[in-house]
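Going by numbering that gives the first Met the number 0, the first residue of the sequence shown is number 0, and it counts up by one from there.
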Amino acid sequence: MKYEYMNGHIFAMTGGTIPHNEISINLATALKNHLRGKGYKVLMVDVKLGLSENGPFYYPDVMVTCDERDRRATKVIYHPCLVVEVLSPGTEAFNRGKKFKNYRNISTFKEYVLIDAREMAVECFRLNEKGVWELYNYGEGQEVTLTSVDLSFPIEMLYEDVVLEEVEEE
Numbered sequence: 000m001k002y003e004y005m006n007g008h009i010f011a012m013t014g015g016t017i018p019h020n021e022i023s024i025n026l027a028t029a030l031k032n033h034l035r036g037k038g039y040k041v042l043m044v045d046v047k048l049g050l051s052e053n054g055p056f057y058y059p060d061v062m063v064t065c066d067e068r069d070r071r072a073t074k075v076i077y078h079p080c081l082v083v084e085v086l087s088p089g090t091e092a093f094n095r096g097k098k099f100k101n102y103r104n105i106s107t108f109k110e111y112v113l114i115d116a117r118e119m120a121v122e123c124f125r126l127n128e129k130g131v132w133e134l135y136n137y138g139e140g141q142e143v144t145l146t147s148v149d150l151s152f153p154i155e156m157l158y159e160d161v162v163l164e165e166v167e168e169e
């Protein structure tokens with residue numbers, strides 16, 4: 000079991016699903032291939048992101064850093080430019096709320112991507128030149144653009160070989 004640490008409290012993380020994992024792998028693979036040899040680190044799932052040495056600490060599904068201060072890191076990343084979370088019903092509200100609020104305190108943080116594991120949908124929050132976060136929504140048949148790493152790809156690439164989770168009717 001994994002745990003995240005925030006404000007002196009430890010929170011158990013729920014286990015991920017196969018679609019969640021496959022989406023993360025598809026994106027991390029595309030990022031790694033695109034950024035190879037450019038001085039970026041592409042990291043997944045088991046690598047901690049710290050807001051400070053005292054926390055809070057999170058485990059994003061995928062993150063990218065090109066900051067020199069993270070170059071020799073072996074356990075914790077403190078200066079990502081891109082953070083990605085694959086949404087699940089148990090973590091969606093936290094990912095959209097408190098976690099995103101905390102991530103925005105990282106000076107190098109430029110882009111936050113939320114990927115739906117139940118339908119083909121991506122939300123990208125991007126920091127503009129005026130310091131304002133803008134939302135870009137992507138759906139089926141659209142090209143997703145990640146400006147922090149200069150990468151565009153069809154949304155379908157994220158969902159390649161993925162059996163989407165069933166959406167439960169309420």
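We put the CB at the ideal spot given by N, CA and C, even for glycine.
What are the start and end residues of the alpha helix (DSSP H) that includes residue i?
i, result
"Ile17", "Ile17 to Leu34"
With distances taken Cα to Cα, identify the nearest neighbour of residue i among the options.
i, options, result
"Asp60", "Tyr77, Asn53 and Leu42", "Leu42"
"Glu149", "Arg125, Tyr102, Glu133 and Gly140", "Note that residue 149 is Asp in the sequence shown, not Glu. Among Arg125, Tyr102, Glu133 and Gly140, the Cα nearest to that of Asp149 is on Arg125."
"His78", "Leu86, Gly130 and Cys65", "Cys65"
"Thr146", "Leu163, Tyr158 and Tyr111", "Tyr111"
"Ile114", "Tyr57, Arg68, Leu50 and Glu91", "Glu91"
"Ser151", "Val161, Tyr137 and Val82", "Tyr137"
"Glu128", "Glu139, Met119 and Lys109", "Lys109"
"Val83", "Ala72, Phe93, Tyr158 and Leu26", "Leu26"
"Pro55", "Val75, Arg70, Arg71 and Arg68", "Val75"
For residue i, name the three-state secondary structure that DSSP assigns.
i, result
"Val148", "helix"
"Gly96", "helix"
"Asp115", "strand"
"Tyr57", "strand"
"Glu52", "coil"
"Ile105", "coil"
"Val162", "coil"
DSSP has residue i in a bridge; who is on the other side?
i, result
"Arg125", "Glu110 and Glu133"
"Gly138", "Ala120"
"Lys74", "Paired residues: none, contrary to the question."
"Thr64", "Lys40"
"Val143", "Phe152"
At which residues does the beta strand (DSSP E) containing residue i begin and terminate?
i, result
"Val83", "Leu81 to Leu86"
In chain order, what residues of the same chain lie with their CB nearer than 8 angstroms to the CB of residue i, ignoring the 5 residues before and after it?
i, result
"Val162", "Ile17 and Pro18"
With a threshold of 7 angstroms on Cβ separation, who are the neighbours of residue i within its own chain once the five nearest residues in sequence on each side are excluded?
i, result
"Leu50", "Asn101, Asn104 and Ile105"
"Val44", "Ser23, Tyr58 and Asp60"
Within the same chain, show all residues whose beta-carbon is closer than 6 angstroms to that of residue i, passing over the 5 residues directly before and after it, in chain order.
i, result
"Tyr39", "Val63 and Cys65"
"Val85", "His19, Ile22, Ser23, Asp60, Ile114 and Ala116"
Indicate, with yes or no, if the ligand ZN has a heavy atom lying under 6 angstroms from the CB of residue i.
i, result
"Glu155", "Among the ligands in the structure shown, none appear at all, so the ligand ZN cannot be discussed."
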